[in-house]
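Residue numbering for the sequence shown follows the working numbering, starting at 1 and increasing by one per position.
Think of the CB as a built atom: it goes at the ideal place given N, C-alpha and C, for glycine as much as any other residue.
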Amino acid sequence: MPDASIFVVGVPRSGTTLLSAMLSTHSRLDCGPESRFFARYRFVSPGDQARILDPVTWPRPAVDFIASLHNQGHPITELYGLELAEIGTFLAEREPSLAAMLESLTVLHARKAGKARWMEKTPRHLLMTDTLRELWPEARIVRIVRDPRDVALSLSRMPFGKESVVGNLARIDQDDRASRERILADPLAMTLRYEDLVTEPERQLRLVCEFIGEVFEPVMLDSSGSAAGVAASHEWWKESVSGPLHNGSVGRWRDEMSADVRRFAALHLAGYLREHGYEGARDARAQLAVLPVADEVGPGNEGLLLDLARRDMTVIRPAPSTPLTQHAQEHLVFLGVKGQLDPTRGQSIARRVIGLGLLGVGLAVRRLRGRPVLWVRQATLRARSNADPDERLMAAMLRPFARSVPLDEVPRLVDDAKVDAKVGG
Numbered sequence: 001m002p003d004a005s006i007f008v009v010g011v012p013r014s015g016t017t018l019l020s021a022m023l024s025t026h027s028r029l030d031c032g033p034e035s036r037f038f039a040r041y042r043f044v045s046p047g048d049q050a051r052i053l054d055p056v057t058w059p060r061p062a063v064d065f066i067a068s069l070h071n072q073g074h075p076i077t078e079l080y081g082l083e084l085a086e087i088g089t090f091l092a093e094r095e096p097s098l099a100a101m102l103e104s105l106t107v108l109h110a111r112k113a114g115k116a117r118w119m120e121k122t123p124r125h126l127l128m129t130d131t132l133r134e135l136w137p138e139a140r141i142v143r144i145v146r147d148p149r150d151v152a153l154s155l156s157r158m159p160f161g162k163e164s165v166v167g168n169l170a171r172i173d174q175d176d177r178a179s180r181e182r183i184l185a186d187p188l189a190m191t192l193r194y195e196d197l198v199t200e201p202e203r204q205l206r207l208v209c210e211f212i213g214e215v216f217e218p219v220m221l222d223s224s225g226s227a228a229g230v231a232a233s234h235e236w237w238k239e240s241v242s243g244p245l246h247n248g249s250v251g252r253w254r255d256e257m258s259a260d261v262r263r264f265a266a267l268h269l270a271g272y273l274r275e276h277g278y279e280g281a282r283d284a285r286a287q288l289a290v291l292p293v294a295d296e297v298g299p300g301n302e303g304l305l306l307d308l309a310r311r312d313m314t315v316i317r318p319a320p321s322t323p324l325t326q327h328a329q330e331h332l333v334f335l336g337v338k339g340q341l342d343p344t345r346g347q348s349i350a351r352r353v354i355g356l357g358l359l360g361v362g363l364a365v366r367r368l369r370g371r372p373v374l375w376v377r378q379a380t381l382r383a384r385s386n387a388d389p390d391e392r393l394m395a396a397m398l399r400p401f402a403r404s405v406p407l408d409e410v411p412r413l414v415d416d417a418k419v420d421a422k423v424g425g
């Protein structure tokens, strides 16, 4: 364990750069810029993955993949101060593996810095901690969290974030749901808060050092010397890491976030706020299951989300995925995305047939009970979906059993809970 690798993860703009810069000031710890390694590799086709790790051609395809890694248009190898030739030499001495490929960056960077232990910081690797654990069983994973309202505001000003603060809040919630269980169940993972790091840095760094098996060094309180190593020169949004430590951005949402968006955050991220000790969580009095868009209910439907929030209502995320769980919901709304209306899309033929059959039965039962679903028809029926037989079938099922309504009427109808049994339209 003394030289076990360390991964710093978290939602972007949560303080990952500051934390890695402070740790990298330690005499034994080194961290380079974001490698984007697994965030990129996850999109490589299975065939290309096999080719990259083929022992017959190793390490040439692996070197080519590493050469393809970029950060805002800048080659990762350049940011790490490495040449492809030395990466190839390093890999040629190792068995083909993803671990060896990432370490061709991190280990070589640490050697050049004269450090005994390497760290890697890429925020999006938060979603791939299962892969990190599989490849590095003894690695320490350090997750940093921050008030999601401050994170969402900060992301809205970044070239890699959404302009919509609501959209950023929804993405934070989605990333947390996709990662939290693995983090909580991992005995070699820890979580700290950005707010605690900037207000009591020595105490928090001592806790991290104890967790990773290092002795705290007072020099870690000044990250100005190591900031350039973890923040590339083109990443202007990380400039504050090289300056004096301050907590000026803590709680900025109180002054800069509208009342409607604050209410949406309080409802939609209530569990996140409570889990990490942030104020303002609020319980919803009603929830809507929206199909088939699920987590895609975001900036494009911001008006709907904010109107629901004003009425203390939220959209269930993730959306129920089976007909039984769908029809168990009190409020069910069909709202397509990109012309897609069928919630079984992407499943096997057998599962789609069964799923559509059960869905149709459920729609009929809901109508008989005077609880037909709402259908935002004008937002889902598009020319391309009319040519899709599955989309036509789904529309044919909804016409007799669902009530067609305008998007902006959904919150009121749910709030009134007086959707009459008249359907069609």
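- Ile144 sits close to Gly10, with the two beta carbons spaced by under 7 Å.
- The C-beta distance from Leu374 to Val315 rounds to 13 Å, too long to meet the 8 Å contact threshold.
- Glu120 is classed as buried because its beta carbon has at least 16 other beta carbons within 10 Å across all chains shown.
- Contact between Val250 and Glu195 holds: CB atoms are separated by about 5 Å, below the 8 Å threshold.
- Under DSSP, Arg143 forms a beta bridge with Val9 and Thr191.
- Across the set Leu288, Phe401, Asp48 and Met158, the C-alpha of Leu288 shows the shortest separation from the C-alpha of Arg412.
- For Val56, no alpha helix (DSSP H) encloses it, and the DSSP letter there is neither H nor E.
- Annotation: the segment 88-175 contains the following complete segments of the beta strand (DSSP E) (minimum length 3 residues), in chain order: 117-121 and 140-145.
- Here Arg28 has Lys115, Ala116, Arg117 and Glu214 as same chain residues with Cβ atoms under 7 Å from its own Cβ, once five neighbours each way along the sequence are excluded.
- When secondary structure is reduced to three states using DSSP, Met313 falls in the strand class.
- Cβ neighbours of Arg182 within its own chain (closer than 7 Å, five residues either side excluded): Thr129 and Asp130.
- Arg285 carries a coil assignment under DSSP once its states are collapsed to helix, strand and coil.
- Nearest to Leu82 by C-alpha distance, out of Lys162, Leu105 and Ala100, is Leu105.
- In this model, Ala92 and Val166 are separated by some 48 Å (Cα to Cα).
- DSSP, reduced to helix, strand and coil, places Asp196 within a helical segment of the structure shown.
- Short of 8 Å from the beta carbon of Thr77, and not among the five residues preceding or following it, lie these beta carbons of its own chain, in chain order: Ile66, Ala67, Leu69, Glu83, Leu84, Ile87 and Leu105.
- Note on Gly32: 16 or more other CB atoms within 10 angstroms of its CB, so buried under the neighbour-count rule.
- If you draw a straight line from the Cα of Arg262 to the Cα of Tyr278, it comes to about 13 Å.
- Excluding five sequence positions before and after Phe211, the CB atoms of its chain that fall closer than 8 Å to its own CB belong to Arg140, Val142 and Met190, given in chain order.
- Buried is the label assigned to Pro323, since at least 16 other Cβ atoms lie within 10 Å of its Cβ.
- Here the alpha carbons of Met101 and Arg124 stand approximately 18 Å from one another.
- Our two residues, Ser97 and Leu53, have alpha carbons roughly 6 Å apart in a direct line.
- Looking at Met397, His74, Leu407 and Glu330, the one whose alpha-carbon comes closest to that of Gly370 is Glu330.
- DSSP, reduced to helix, strand and coil, places Ser404 within a strand of the structure shown.
- In this structure, Asp173 sits near Leu269, with a CB-CB distance shorter than 7 Å.
- Between Asp30 and Ala113 the beta-carbon gap is near 5 Å, inside 8 Å, which marks them as a contact.
- CA-to-CA, the gap between Gly73 and Glu409 works out to about 44 Å.
- In this structure, Glu34 is the residue among Asp176, Ala50 and Glu34 with its C-alpha nearest to the C-alpha of His109.
- DSSP places Leu368 in no beta strand (DSSP E) but in the uninterrupted alpha helix (DSSP H) bounded by Ile349 to Leu368.
- Glu103 is classed as buried because its beta carbon has at least 16 other beta carbons within 10 Å across all chains shown.
- Distance from the CA of Leu305 to the CA of Ser164, rounded to the nearest whole angstrom, comes to 12 Å.
- Cα atoms of Glu217 and Arg60: separation of roughly 41 Å, rounded to the nearest angstrom.
- When DSSP states are grouped into helix, strand and coil, Pro320 belongs to the coil group.
- In the same chain as Arg94, and ignoring 5 residues on each side of it, the C-beta atoms closer than 6 Å to its own belong to Ala100, in chain order.
- A residue is called buried once 16 or more other Cβ atoms fall within 10 Å of its Cβ, and Glu391 is buried on that count.
- For Asn301, DSSP records no beta bridge to any residue.
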